Amino acid sequence: MKWLRAKWKIFYDRFISLQGTPESIARSFSVGFWIAWFPLIGTHSVMSFLGGLLFRGNLPAIYLGSWLCNPVTIPPMLLVEYKLGEWLLGGEISAVEFHHLTFHSMLALGWEILLPMLLGGAILGTLTALAGYYPVKRAVIRVRERRAAAHAEDER
Numbered sequence: 006m007k008w009l010r011a012k013w014k015i016f017y018d019r020f021i022s023l024q025g026t027p028e029s030i031a032r033s034f035s036v037g038f039w040i041a042w043f044p045l046i047g048t049h050s051v052m053s054f055l056g057g058l059l060f061r062g063n064l065p066a067i068y069l070g071s072w073l074c075n076p077v078t079i080p081p082m083l084l085v086e087y088k089l090g091e092w093l094l095g096g097e098i099s100a101v102e103f104h105h106l107t108f109h110s111m112l113a114l115g116w117e118i119l120l121p122m123l124l125g126g127a128i129l130g131t132l133t134a135l136a137g138y139y140p141v142k143r144a145v146i147r148v149r150e151r152r153a154a155a156h157a158e159d160e161r
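According to the working numbering, the sequence shown holds residues 6 to 161 in order.
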């Protein structure tokens with residue numbers, strides 16, 4: 006549990022040091038949340054940079070949001086987005102071995118696997134981005150209010 010607490014502390018320290026308005030930080034996190042669901046894993050950093058330019062976002066906040074997709078969450082995220090996309094496209098869910106899935110193997114499988122993953126990822130990314138905007142905005146406001154109150158208390 007110490008490693009989890011240490012990771013959370015790193016995330017929190019980076020979160021509270023973000024510059025910008027609560028709205029711009031929340032918007033940037035939402036862009037990162039959407040990117041996290043994009044199935045081509047090796048493209049997340051480039052997409053975060055481009056998303057920052059396109060949405061005039063806070064690049065560190067976009068990167069933090071995209072960390073929703075990490076080595077622990079990648080397998081279930083890919084599986085869920087694939088199954089959702091396959092179901093929406095009306096196809097049968099094939100027996101793809103997700104534990105052997107790599108960027109190159111996804112390209113080799115072609116549209117059979119990539120199209121359902123793109124569709125499922127776009128839908129889940131949009132839902133996650135929309136659902137995450139207001140909680141992140143509230144968190145930024147609360148953290149800043151607490152820091153301001155603590156700073157005012159220290160000055161007395």
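Where is the CB? At the ideal position from N, CA and C, for every residue including glycine. Note that the structure is predicted; figures quoted are calculated from it, not measured.
Between ALA41 and VAL77, what straight-line distance do the alpha-carbon atoms span, to the nearest angstrom?
Locating residue 41 in the sequence shown gives position 36, counting from the first residue. Locating residue 77 in the sequence shown gives position 72, counting from the first residue. Cα to Cα, the separation comes out at about 13 angstroms.
Quick test of the definition: if touching needs 3 or more C-beta pairs under 8 angstroms, does the region 119-128 touch the region 26-35?
no
Span separating the alpha-carbon of GLY95 from that of GLU150
The residue you call residue 95 lines up with position 90 of the sequence shown. The residue you call residue 150 lines up with position 145 of the sequence shown. Using only the alpha carbons, I get a separation of about 49 angstroms.
Through-space distance from LEU93 to ALA11, alpha-carbon basis
Taking the sequence shown and counting its residues from 1, one reaches residue 11 at position 6. Taking the sequence shown and counting its residues from 1, one reaches residue 93 at position 88. Taking the straight line joining both Cα atoms gives about 40 angstroms.
Please report the straight-line C-alpha distance between TRP116 and ILE146, rounded to a whole angstrom.
Here residue 116 is taken as the residue at index 111 of the sequence shown, counted from 1. Here residue 146 is taken as the residue at index 141 of the sequence shown, counted from 1. The alpha-carbon atoms of TRP116 and ILE146 are separated by roughly 43 angstroms.
Quick one: residues in its chain with C-beta nearer than 8 angstroms to the C-beta of MET122, no 5 flanking neighbours on either side, listed in chain order?
The residue given as residue 122 occupies position 117 in the sequence shown. These residues qualify, in order along the chain: PRO44, LEU83, GLU86, TYR87, GLY90 and MET111.
My output table needs one value for ARG61: the three-state DSSP class, helix, strand or coil.
Start at 1 with the first residue of the sequence shown, and residue 61 comes out as number 56. Note: ARG61 maps to coil in three-state DSSP.
When you compare each of VAL148, GLY57, ALA155 and LEU55 to TYR17 by their alpha carbons, which one comes out closest?
Your numbering for residue 17 matches position 12 in the sequence shown. Answer by Cα proximity: VAL148.
So for GLY56, helix, strand or coil by DSSP?
Taking the sequence shown and counting its residues from 1, the one referred to as residue 56 is at position 51. It is helical.
Backbone CA spacing between THR26 and LEU69 [nearest angstrom]
Here residue 26 refers to the residue found at position 21 of the sequence shown. Here residue 69 refers to the residue found at position 64 of the sequence shown. Each residue's Cα considered, the two are about 16 angstroms apart.
So, helix, strand or coil for SER22, using DSSP?
As a working note, residue 22 is residue 17 in the sequence shown. If DSSP states are grouped into helix, strand and coil, SER22 belongs with coil.
Start-to-end residues for the alpha helix (DSSP H) that takes in ILE146
Counting from one through the sequence shown, the residue named residue 146 turns up at place 141. Looking at the DSSP string, the run of the alpha helix (DSSP H) that includes ILE146 is 116-160.
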